[in-house]
Every structure is written in structure tokens, then in C-alpha cells.
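Number 8 in the UniProt record's numbering belongs to position 8 of the sequence shown; there are no gaps in the numbering. Note that beta-carbon positions come from the ideal geometry of N, C-alpha and C, so glycine has one too. This structure is a prediction, so every number in the text was calculated from the model and none was measured. These notes concern the structure reproduced below.
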Amino acid sequence: MAIPVALPRGKILVILSLALTWWFASLIPRYQPAIHQHFKARLDEARQRLPTIKVDWRPPQSPRDAFNASKVALLIEPRPLPHLVPQILHMISVVPPDWRFLFIGSEQSIVSVGRTSSIKYQQVIGKLDLMVLPDPWNITSKEYVDRTLTDPRFYDEFLPDVEWLLKYESDSILCANSQSSLDEWLDLDWVGAPRSFADSSSGGGGLTLRRVSIIRQVLSFQARYNDTEAEDEWFGKRVPLIPGAKISTARDRVLTVENVYVADAMGYHIPNGGEHLAHPVWGVRDQRKAIFGYCPEVTMLMEMKLERERCYDDPDSSQVWQPFDERRKMYFDRLKQKQEEDKKKAESSLGPGATEEVKVPLEITNWSLSGSKRAASSSP
């Protein structure tokens, strides 16, 4: 006779839980697709209730991207001249807005130019770059600048994407009153200041617009010898020989006035700040007046004085180009004439036979002997 065994309640609960677990486990494979579908539907519903967020992220752009990399206005000047800042800012205001500017100088000229807030602003917006060329590049003299501009590596390293180069100097400037735009000259490969009406190259390079691809083409088969022609004259003789090259002459359009006067030229080049003024341009009083009226910016580049500061021997009309020896002779002739006139006046006022010493101002005498002051005047 079997004896009934009483199982503890705990064991009974364990057995029942295991049985239920096995039963649920056997149901999971059957209902698994339905469960997945249910959770997916609930998840999609929750996603639809979430607010929409659009993230518009763009990589930061350089300020230079706002300008045309193929158009650059270049100034090379190692001297810390006082007019460089107003000159650069004026050129920025006249040149079309998509052009970029590059100033290459020495440490002294870079510091002199770069410390002004107006120049710093142009740097921040990507309009202007200030650069000191690394070794072995050298710009301490005109000859070294000529070597730099006739070296193809200069264009490869510092102007890699440039196609149009406006090369100006510290003694050249564009006129704000000009009715033409610099972009109107982009169909030409080389345009500058003609030396004469017969000049077929417009070789004057103080203010020139150049197509860099033509320059590269010239430098690909020709090299300039050191201590020879200036780079503008060197290029001016070779660019016209390139098949298909387009240049401007004095008979066509003139971008820059240097030795040939054109009333509506776009700019002026005044070599060495007016030390050597061209007679055909500056030798006529009315013409000078017209120049100063049309392009008053040129006075920024010239060492001038006011009309009230005119010395006694300064010519009052058009003889601003005379050599110093001729001006000194003119001075003594006028001084002698003035002494005779003063002597006559003294005799007439003091009586017959009376004389009075005529004193010559010390500053006039010093000027006549040293020749340190110019005969050019700010008045036309």
C-alpha cells in the first residue's frame, strides 16, 4: 500500500513556474512576428510624435572665397612710405569689388602698413593679404624685384590661381573720375603706359594689367639676364611676339599716362614721385591744371608745395622739367634783375648817389646752391 508523500508548498510553486515558463517559451516562436510588428508600430507612432529638427551644417568658408582668385592687384614695396596706406585703400575703392589685393614688402613696410585699423579690416574680410617673401626671395632693390617678377617660380608659389594681374607701384595710381572699369581691359594680354606714340608695346610697367598665362608662356622659353633691362621693358618686347597676344598701344587705348598724355586715361604713373616729370605731360600749365582736376589723387604721390610756399626763382608757368643747372642760372638772372630794380628804387627814395645794400633771403641763397627743393608747385 502506497504511502502518500506530502510535497512542500515551495516545491509545488517551483514546478508550476517551470511548467509555465516552458509553455510560454513554446509560444514565443509562434507569436514572434506579431510581437515584432506590434513593437515596430508603437515605435513608429512615437517617432511621429517627436518634433522635427533640421540641422543645416556647412563647413566654415574662408573670407577669400567671396573674391575672384583669378584677379589680383599686386604692390611690391620694401620702403615704409607714409602714403602706402591711403594709396592701397584708394586702389581698393576704385578697382572692381571682386578683385583681391596682395602687398609684398619688407618687415618694416609690412609693420607700417599693417598696424592701421582700416588695413586690418581689409585683411579680416579677405580682401587684402600682407606678405613678406621667404628666403631666398629678395625685394630690397629694383633689380631684385625685376628678378622676382621674371622668375616663373614666383607665379607658381605665390600666384598659382591668378590669371589677371594689376601690377602697380608706390608712384602710380588709378583715377576715381575715370569713366571706364578695370574689367573692361581684361580682353587684353598686356596694357600699360606707352613710352611714345610710336611705342607698340606699352612697356611702361609702373601701372600695368597683365595676363599671367602670357607671362608664363614667355618665361617657359626665355630667361632674363640679371642686371639688364627692367622687367616691364623685358616683357614689353616679348609679349607682342607671342602668336595671338593682344596688347594696347598709344594709338588704341591707354590705361596709364607716363610719357604720353591722354585726357581720359584710367591712371597715372609718376616715376620717383615726380623727380623726372615728362615734358609732353607736365610741360603745359593748362594741361597740368586739367590733370589735377581730373585725377587729384596724383598729388598723393608727388612731393609738392603750396603756391604761397613758392620760392622766388620758381618758374611760374611750364618749366617744371628744367634741369637744376638751368634753373640755377635762371635764378641768378632773376636775382640780378631784382637787385638792379631794388637799387633803382633805393636811389630814387634816398636821393642821387645814395646806395643801399640789397639783402638776399638766406633760404633763397641756400636753395640756389644746394638744389634741394623742386621747382614743381601744387598750383597748376
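Taking a C-beta distance under 9 Å as the contact criterion, Ala176 and His276 do not qualify as a contact pair. Restricted to the segment 98-181, the beta strand (DSSP E) segments that are unbroken, complete and at least 3 residues in length are 100-105, 128-131, 164-168 and 172-174, listed in chain order. In the three-state reduction of the DSSP assignment, His269 falls in the strand class, which pools E and B.
Within 10 angstroms of the beta-carbon of Gly206 lie 16 or more other beta-carbons, which makes it buried.
The alpha-carbon separation between Arg238 and Thr228 amounts to approximately 15 Å. The three-state reading of DSSP puts Glu258 in coil, since its state is none of H, G, I, E or B. Its chain contains Asp189, Ile214, Gln217 and Val218 as the residues whose beta carbon lies nearer than 8 Å to that of Ile242, once the 5 sequence neighbours on both sides are disregarded; these appear in chain order.
For the pair Gly267 and Met304, the CB atoms are not nearer than the 9 Å cut-off.
Sorting Pro96, Leu75 and Leu133 by C-alpha distance to the C-alpha of Ser181 places Pro96 at the top. For Ala245, no alpha helix (DSSP H) segment is defined, and its DSSP state is neither H nor E. Judged by DSSP secondary structure, Ile76 falls within the beta strand (DSSP E) whose first and last residues are Lys71 to Glu77. Going by DSSP, Ala278 is part of no beta strand (DSSP E) at all; its letter is neither H nor E.
Looking at Ile104, Phe154, Asp342 and Asp146, the one whose alpha-carbon comes closest to that of Met131 is Ile104.
Residue range Gly204 to Arg211 is occupied by the beta strand (DSSP E) that includes Gly205, with no alpha helix (DSSP H) assigned at that position. As far as DSSP is concerned, Val239 takes part in no beta bridge.
In the DSSP assignment, Trp190 forms a beta bridge with Arg210 and Ile247. The segment 149-166 makes contact with the segment 62-70, as at least three CB pairs between them are under 8 Å. Taking the Cα positions, Pro271 is about 9 Å away from Glu169. A distance of 9 Å or more separates the beta carbons of Thr140 and Pro194.
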